[in-house]
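Mapped onto numbering that gives the first Met the number 0, the consecutive letters of the sequence shown carry residue numbers 0 to 128.
Positions of the beta carbon are idealized from the N, C-alpha and C atoms, including for glycine.
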Amino acid sequence: MIYSIGELSKMTQCKIPTIRYYEGIGVLQKAMRSTGNQRQYSQAHCDRLHLICHSRALGFSLEEIKQLIELQGGQFNSGQQSHDIVQSHLTDIRNKITQLKKLERELLTIVEQCHQSQTSDCLCVSALK
């Protein structure tokens, strides 16, 4: 099955400029061209784009996605290397969650201590100075 860029965009919920960008940076293989010079995408493109979009939704960087794709398609695919990339990303996410929880506690303290005064001495504002 051959898809136009518009069809691919609808199927993957990925915007057309983003598809072109992914092609340009080499994360998505360049499409074949019709005699009219229109891009023609295969099911393999669709599958790869789904993988890219899902990976982006999980917070992977484009560099991490490139590495995972290279490992997937290489002759010497190392499950350990893929695992290490995903494990490293999980560690980063857990660290961000810890930072966000600290931020939440600090903001909660500020809000709870604020008496919503109408003066310019509001604790919410002064705590941010």
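Query	Result
C-beta contact flag for F66 and I84 at 9 Å	In the sequence on display, residue 66 carries Gln and not Phe. Yes. Within cutoff.
Pair within 9 Å by beta-carbon distance, I18 and T11	yes
Spatial distance of I24 from Q80 (CA atoms)	22 Å
CB-CB length for L27 against I51, believed under 8 Å	7 Å
Buried versus exposed, by CB contacts within 10 Å (16 or more), L107	exposed
Assigned secondary structure, Q86 (DSSP; H/G/I helix, E/B strand, else coil)	helix
R38, buried or exposed, once every other Cβ within 10 Å from all chains shown has been counted against 16	buried
CA-to-CA distance, H44 to F59, given in whole angstroms	19 Å
Whole-number beta carbon distance between L48 and C13, since they are thought to touch under 8 Å	6 Å
Cα-Cα separation between E103 and K95, rounded to whole angstroms	12 Å
Pairwise C-alpha distance: K29 and L6	The amino acid occupying residue 6 in the given sequence is Glu; Leu does not appear at that position. Roughly 16 Å separates the two Cα atoms.
Top-ranked residue by Cα proximity to I4, from E22, T34 and Y40	Y40
DSSP three-state assignment for M0, whether helix, strand or coil	coil
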